[in-house]
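Asks: Quick one: this structure, given as structure tokens, is what I'll be asking you about.
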Amino acid sequence: MHIRLESLIHTYGDVHAVQNVSLDIPSNAIFGIIGRSGSGKSVLIRLISLLEKPDDGAVYYDDERVDDLPDDELILRRRRIGIVFQNINLFNSRTAAKNIAYPLEICGMPKDRIKARVAELLELVGLADRGNAQISTLSGGQKQRIAIARALANNPDILFCDEATSALDPQTSRSIFELICDIQKKMNLTVVLVTHKMAVVRDVCSYVAVIDSGKVVECGSVVGIFAHPKADITKDFIADLPARPDPKDTGRTENV
Amino acid sequence: MSDIQMIVSLVGAATVQTIVMVFFSMVFSLILGLPLGILLCVTDPAVGIMPKPVLNQILTRIVNVLRSFPFIILMILLFPLSRIIVGTSIGTGAAIVPLSIAAVPFVARVIETALKEVNPEVVQAARAMGSTNMQIIIKVLLPESMPSLVAGITLTVINLIGYSAMAGAIGGGGLGDLAIRYGYQRFRTDIMIVAVIVILVMVEAIQIIGTKISTDFMNHR
Numbered sequence: 002m003h004i005r006l007e008s009l010i011h012t013y014g015d016v017h018a019v020q021n022v023s024l025d026i027p028s029n030a031i032f033g034i035i036g037r038s039g040s041g042k043s044v045l046i047r048l049i050s051l052l053e054k055p056d057d058g059a060v061y062y063d064d065e066r067v068d069d070l071p072d073d074e075l076i077l078r079r080r081r082i083g084i085v086f087q088n089i090n091l092f093n094s095r096t097a098a099k100n101i102a103y104p105l106e107i108c109g110m111p112k113d114r115i116k117a118r119v120a121e122l123l124e125l126v127g128l129a130d131r132g133n134a135q136i137s138t139l140s141g142g143q144k145q146r147i148a149i150a151r152a153l154a155n156n157p158d159i160l161f162c163d164e165a166t167s168a169l170d171p172q173t174s175r176s177i178f179e180l181i182c183d184i185q186k187k188m189n190l191t192v193v194l195v196t197h198k199m200a201v202v203r204d205v206c207s208y209v210a211v212i213d214s215g216k217v218v219e220c221g222s223v224v225g226i227f228a229h230p231k232a233d234i235t236k237d238f239i240a241d242l243p244a245r246p247d248p249k250d251t252g253r254t255e256n257v
Numbered sequence: 002m003s004d005i006q007m008i009v010s011l012v013g014a015a016t017v018q019t020i021v022m023v024f025f026s027m028v029f030s031l032i033l034g035l036p037l038g039i040l041l042c043v044t045d046p047a048v049g050i051m052p053k054p055v056l057n058q059i060l061t062r063i064v065n066v067l068r069s070f071p072f073i074i075l076m077i078l079l080f081p082l083s084r085i086i087v088g089t090s091i092g093t094g095a096a097i098v099p100l101s102i103a104a105v106p107f108v109a110r111v112i113e114t115a116l117k118e119v120n121p122e123v124v125q126a127a128r129a130m131g132s133t134n135m136q137i138i139i140k141v142l143l144p145e146s147m148p149s150l151v152a153g154i155t156l157t158v159i160n161l162i163g164y165s166a167m168a169g170a171i172g173g174g175g176l177g178d179l180a181i182r183y184g185y186q187r188f189r190t191d192i193m194i195v196a197v198i199v200i201l202v203m204v205e206a207i208q209i210i211g212t213k214i215s216t217d218f219m220n221h222r
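Taken in sequence, the protein lines are chains C and V.
Here the first sequence stands for residues 2 to 257, numbered as in the working numbering.
Here the second sequence stands for residues 2 to 222, numbered as in the working numbering.
Following this line, the structure appears as structure tokens:
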């Protein structure tokens, strides 16, 4: 699904969090949005993922305008997008399997079909044997895998990742991104990934938008931007990059 | 009848009355207080899932006024209501009316506080997945706050035991009534001591059971 943003504006009191952002997010690819803390990238993803309404401007999914949907249609639309959060946000009162079942339950899917779909998703994220586990007994990486499975439960067209691995260690983080890349290909998803790490953009994304003070300062293919960065902030991000990980060390190191 | 037999039968009957008063007032105050507590939480202008500042203010005022009423005065004010609902303003049945109404605002606050402890980001995740407000309340807020809810209800039951002793003063019966009538007015210190011990044991037992249920919920997460 292709996403188009048209001169989005959003303010909190006196803070111009998002200032006139227009973007084209291509279908079936991983699109990165990078910016420092306070650059407005998190607000931007809240607007694109329909968690908040912009003060002005429009959001289109394919050619359907979605930012001004009435409440009941908004709820139905939200059921067809997946979001993975930095803080994971699983339900502690539910087991891993029941967490994945939640988005299916709220759509009224029959119990036996939920069970089959949950088993499929647990398999997909490599945790087939942990369905009955309490959330508190899972590692950080396992929790994020369950959260990804939950986000994918309804076969969404779009997956939003808001700093999905910022709370995880580098190895676990890498295994989560491998999973996201894998799933993107399998499900032909449009993935929008917010991060403050250029390494994530380099390793995972095909396209990137660089955000600073609520504005898009640079946008294009990752290869092009790495070859010819124009904005100072992009140059800073690239200069601060850690060395590429040792190729011998790229395997999944997390024990899942 | 020997003295001990008399004490046992008096205390036994009073214990049953206390249990009846506390049980039914808890049930009724929960029936009224649970929706009120949920409403207080979800309409909160800052953190609620459907902010309604005016409604929230009105409810908050009502709850505060009811909570600040001294129970003994509330009870007397509610005599006419008891007469309408139960047919009399004296006795265990009649005492349930003021007890329930006194506990409603307390229960509402306890439930509001428990629901507000649920991580707002988890609620936001539920909303992002396309939950309706009702689904958020039933499938997220209530289950996620279960340990605090149980702890709060335990506290309410214990308070109700205390209040029910006071209700005895207006002829509500129960252990408090027994302690006053025999222990204070007839100088039967032994009966008073037994009545107080039974109340102590009751409070302790409820606290232990409540804590157990609450920690069981905690351990299942």
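Note that CB positions come from ideal geometry on N, CA and C, so glycine has one too.
Is VAL217/C near the ligand NAD - that is, is its Cβ less than 8 Å away from at least one heavy atom of it?
Replies: This structure lacks the ligand NAD; in fact it carries no ligand of any kind.
Asks: With LEU153/C as the anchor, note down where its beta strand (DSSP E) starts and where it stops.
Replies: That residue, LEU153/C, is in no beta strand (DSSP E); its alpha helix (DSSP H) goes 141–153.
Asks: Can you tell me which of MET147/V, ILE198/V, ALA196/V puts its alpha carbon nearest to the alpha carbon of THR212/V?
Replies: Nearest option by C-alpha distance: MET147/V.
Asks: Name the DSSP bridge partner or partners of HIS17/C?
Replies: According to DSSP, HIS17/C bridges with THR12/C.
Asks: For SER23/C, go through chain V and note every residue whose CB falls closer than 7 Å to its CB, in chain order.
Replies: Neighbours of SER23/C on chain V: none; closest Cβ ~24 Å, over 7 Å.
Asks: What does a CB cutoff of less than 6 Å around ARG253/C pick up in its chain, not counting 5 residues either side in sequence?
Replies: Unreliable positioning characterises ARG253/C in this predicted model, as indicated by a pLDDT of 48, which lies under 50. The coordinate reading is nonetheless provided below. Taken in chain order, the residues that qualify are SER176.
Asks: Under three-state DSSP, which class holds ARG66/C?
Replies: Of the three classes helix, strand and coil, the one that applies to ARG66/C here is strand, per DSSP.
Asks: Work out the CA separation of ILE46/C and ALA223/C for me, nearest whole Å.
Replies: Note that residue 223/C is Val in the sequence shown here, rather than Ala. Cα to Cα, VAL223/C sits roughly 19 Å from ILE46/C.
Asks: Could you give the first and the last residue of the continuous alpha helix (DSSP H) run that contains CYS42/V?
Replies: Run containing CYS42/V: 4–43, per the alpha helix (DSSP H) assignment.
Asks: At which residue ranges does the segment 172–251 of chain C contain complete alpha helix (DSSP H) runs of 4 or more residues, listed in the order of the chain?
Replies: Runs found: 199–205, 223–228, 233–240.
Asks: In whole angstroms, what separates the C-alpha of GLU255/C from that of VAL105/V?
Replies: With a pLDDT of 47 at GLU255/C, under the threshold of 50, the modelled position of this residue cannot be trusted; read the value that follows with caution. In a straight line, the C-alpha of GLU255/C is about 51 Å away from that of VAL105/V.
Asks: Considering only their Cβ atoms, is the gap separating LEU242/C from ILE34/C smaller than 9 Å?
Replies: The answer is no: Cβ separation not under 9 Å.
Asks: Kindly indicate the opening and closing residues of the alpha helix (DSSP H) around ASP163/C.
Replies: No alpha helix (DSSP H) holds ASP163/C; the beta strand (DSSP E) holding it covers 159–163.
Asks: Grab me the residues of ASP25/C's own chain with a C-beta within less than 7 Å of its C-beta, minus the 5 sequence neighbours each way, in chain order.
Replies: Excluding positions up to five away in sequence, the list reads ARG5.
Asks: Does the beta carbon of CYS162/C sit closer than 9 Å to a beta carbon anywhere in chain D?
Replies: Of the protein chains in the structure, C and V, none is chain D.
Asks: Using 10 angstroms around the beta-carbon of HIS11/C, count the other beta-carbons present and answer buried if the total reaches 16, otherwise exposed.
Replies: So HIS11/C ends up on the buried side.
Asks: Quick one: which residues of the segment 140–159 of chain V get their C-beta closer than 8 Å to a C-beta of chain C? List them in chain order.
Replies: So the close ones are LYS140, VAL141, PRO144, GLU145, MET147.
Asks: In this structure, what does DSSP give as the bridge partners for ALA59/C?
Replies: For ALA59/C, which the question treats as bridged, DSSP gives the partners GLU7/C.
Asks: Would the segment 21–30 of chain V and the segment 138–158 of chain V be scored as touching if the rule is three or more Cβ pairs under 8 Å?
Replies: With the cut-off at 8 Å, the segment 21–30 of chain V and the segment 138–158 of chain V touch.
Asks: Shorter than 9 Å from the beta carbon of GLN136/V to some beta carbon of chain C?
Replies: True, the Cβ-Cβ gap to chain C drops below 9 Å.
Asks: For ALA96/C, which beta-bridge partners are listed by DSSP?
Replies: Reading off the sequence shown, one finds Thr at residue 96/C, where the question assumed Ala. DSSP, once it has assigned bridges, lists GLN135/C as partnering THR96/C.
Asks: Take LYS75/C as the anchor and find which of ALA59/C, ASP63/C, ASN90/C, LEU51/C has the nearest alpha-carbon.
Replies: For the record, residue 75/C in the displayed sequence is Leu; it is not Lys. Checking every option, the nearest Cα to that of LEU75/C belongs to LEU51/C.
Asks: Looking at GLY38/V and VAL87/V, is the spacing between their C-beta atoms short of 9 Å?
Replies: Cβ distance not < 9 Å, so VAL87/V and GLY38/V don't count as in contact.
Asks: Quick one: is MET199/C buried, meaning 16 or more other Cβ sit within 10 Å of its Cβ, or exposed?
Replies: Under this definition MET199/C is a buried residue.
Asks: Looking at the unbroken alpha helix (DSSP H) that takes in GLY163/V, where does it start and where does it end?
Replies: Residues 147–168.
Asks: Does chain C have any CB closer than 9 Å to the CB of SER69/V?
Replies: Cβ-Cβ to chain C under 9 Å: no for SER69/V.
Asks: Name, in chain order, the residues that DSSP records as bridge partners for ASP25/C.
Replies: Beta-bridge pairing links ASP25/C to ARG5/C.
Asks: From the DSSP output, in three-state form, read off ILE34/C for me.
Replies: Strand.
Asks: Got a sec: is the Cβ-Cβ distance from LEU122/C to anything in chain V below 9 Å?
Replies: Not closer than 9 Å to any Cβ of chain V, the Cβ of LEU122/C fails to qualify, so no.
Asks: Under a three-way DSSP split, which group does ILE209/V fall into?
Replies: Note: ILE209/V maps to helix in three-state DSSP.
Asks: Just the Cα atoms here: how many angstroms apart are ASN21/C and ARG81/C?
Replies: Whole-angstrom Cα-Cα distance: 26 Å.
Asks: Is there a Cβ from chain C that is less than 9 Å from the Cβ of GLY88/V?
Replies: No, GLY88/V does not count as interfacial toward chain C.
Asks: Taking the alpha carbon of PHE218/V as the reference point, which residue from PRO36/V, SER149/V, GLY173/V has its own alpha carbon closest?
Replies: The residue with the shortest Cα to Cα distance from PHE218/V is SER149/V.
Asks: Tell me whether the segment 146–164 of chain C and the segment 116–132 of chain C touch, counting them as touching only if at least three CB pairs, one residue from each stretch, are closer than 8 Å.
Replies: The answer is yes - the segment 116–132 of chain C touches the segment 146–164 of chain C, with three or more Cβ pairs under 8 Å.
Asks: List the endpoints of the continuous beta strand (DSSP E) containing VAL126/C.
Replies: Looking at the DSSP string, VAL126/C is not in any beta strand (DSSP E), and its letter there is neither H nor E.
Asks: Which same chain residues, not among the five before or five after ILE200/V, have their C-beta less than 6 Å away from its C-beta?
Replies: Excluding positions up to five away in sequence, the list reads LEU176.
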